[in-house]
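Please read the structure below before turning to the comments.
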C-alpha cells in the first residue's frame with residue numbers, strides 16, 4: 018500500500034495553462050507539505066497544512082494555491098503556468114507538530130512547461 | 516535564517532570504499548537533523564535522524580553523529596555498495612512547524 022501518493026506522475030503543459038496536482042496519504046498523519054525540487058535537485062518547502070489549516074506559506078507566487086479538503090489530501094493548483102514552474106513537486110506528510118517527526122514523501126510529479 | 520551546507524558532488528567511489536559526506540548547519544535553537552536519500556526516479560526516503568546533541572543516527576550501515584560544537588552531521592558508511600548510488604540530502608527541522616530545510620544534495624556514484 019502506497020503511503021503517500023501523487024497524481025499525475027508526469028505533467029506536460031503549455032505556458033498560460035492552469036493545472037492541478039493531487040496528493041493523498043493513508044498514514045493517518047495530520048500535517049502535509051508541498052516541496053519544489055528544481056533542475057539542480059535543490060529542495061525547498063512551499064506550503065504546509067495541519068488539520069486542513071495553512072501553517073506554512075513560503076514566498077511562493079500567488080499563482081500557486083494549495084487546497085486541503087480533508088486531513089488525508091493536499092492538492093496544489095497552479096494558474097497561468099510559466100516556464101520557471103518546471104520542476105519536480107513532492108508532497109509529504111508527518112504526524113503532528115514537532116521538529117523530530119519524520120516526513121514521508123510521495124514519488125513526485127514532474128511538471129514540464131513548454 | 517536557518518541553513519544547511521553539504522559538500523558538493525558528485526562523489527565517485529569504488530565498491531567497498533569508505534564514504535563520508537560532510538554536512539554543516541546554521542540554526543537558532545536546537546534543530547533535529549536528518550539524512551534523506553533519493554534513488555533515481557523516486558521520492559525521498561528517510562535514512563537516519565538525530566534529535567539532540569551527541570545522538571548518533573544509524574541505518575543500513577550508514578551513521579551520522581549530531582555534533583553541536585562543530586554544528587555538523589556528517590554521513591559515513593564503512594563499505595559502500597553499488598546499490599547505494601543515489602542523491603543524499605542533509606536537512607534540519609527547527610521550530611514547531613516541522614519545516615525541513617535541505618542542503619543542496621550530494622550525488623553518490625558507486626562503481627563495481
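Protein chains in written order, with my numbering: chain Y, 18 to 131; chain C, 516 to 627. The beta carbon of each residue, even a glycine, is placed where N, CA and C say it ideally should be. Values in this document were obtained by computation on a predicted structure and should not be read as measured data.
ask   = In angstroms, rounded to a whole number, what distance separates the CA positions of residue 588 of chain C and residue 607 of chain C?
value = Reading the second chain from its first residue, position 73 is the one you call residue 588 of chain C. Reading the second chain from its first residue, position 92 is the one you call residue 607 of chain C. So the two alpha carbons sit approximately 10 Å from each other.
key: Minimum C-alpha distance to residue 112 of chain Y - residue among Y:28, Y:23 and Y:47   = Indexing the first chain from 1 puts residue 112 of chain Y at position 95. Of the candidates Y:28, Y:23 and Y:47, the one whose C-alpha sits nearest the C-alpha of residue 112 of chain Y is Y:47.
message = Taking the alpha-carbon of residue 34 of chain Y as reference, which of Y:90, Y:108, Y:68 and Y:100 has the nearest alpha-carbon?
response = Residue numbering aside, residue 34 of chain Y sits at position 17 when the first chain is read from its first letter. If we check each option's Cα against that of residue 34 of chain Y, Y:100 comes out closest.
ask   = Who are the near neighbours of residue 24 of chain Y in its chain, counting only those whose CB is closer than 7 Å to its CB and skipping five residues on each side?
value = As a working mapping, residue 24 of chain Y is identified with position 7 in the first chain. Closer than 7 Å at the Cβ level, and outside the excluded window around residue 24 of chain Y, lie 39.
key: Coil, strand or helix - residue 102 of chain Y by DSSP   = One-based indexing of the first chain puts residue 102 of chain Y at position 85. Residue state, collapsed to three classes: helix.
task = From the DSSP output, read off the bridge partner residues of residue 126 of chain Y.
result = Numbered from 1 along the first chain, position 109 holds the residue referred to as residue 126 of chain Y. According to DSSP, residue 126 of chain Y bridges with Y:106.
request  = Just grab the DSSP bridge partners of residue 527 of chain C for me.
outcome  = Here residue 527 of chain C corresponds to residue number 12 of the second chain, with the count starting at 1. Answer by DSSP bridge pairing, in chain order: C:624.
ask   = Counting along the chain, where does the beta strand (DSSP E) carrying residue 50 of chain Y start and finish?
value = Residue numbering aside, residue 50 of chain Y sits at position 33 when the first chain is read from its first letter. Here the beta strand (DSSP E) through residue 50 of chain Y covers 48-54.
ask   = Does any residue of chain Y bring its CB to less than 9 Å from the CB of residue 536 of chain C?
value = Stepping through the second chain from its first residue, residue 536 of chain C is reached at position 21. So, not an interface residue.
key: Cut-off 8 Å between Cβ atoms - residues of its own chain near residue 546 of chain C, not counting five sequence neighbours on either side   = The residue given as residue 546 of chain C occupies position 31 in the second chain. The answer, listed in chain order, is 517, 540, 607, 608 and 609.
ask   = Using a Cβ-Cβ cut-off of 6 Å (strictly less than) and excluding sequence neighbours within five positions of residue 105 of chain Y, which residues of its own chain qualify?
value = Within the first chain, numbered from 1, the residue matching residue 105 of chain Y stands at position 88. Answer for residue 105 of chain Y: 54, 125 and 127, listed in chain order.
inquiry  = With a threshold of 9 Å between beta-carbons, can residue 588 of chain C be considered close to chain Y, or not?
reply    = Locating residue 588 of chain C in the second chain gives position 73, counting from the first residue. No - not a single Cβ of chain Y is within 9 Å of the one on residue 588 of chain C.
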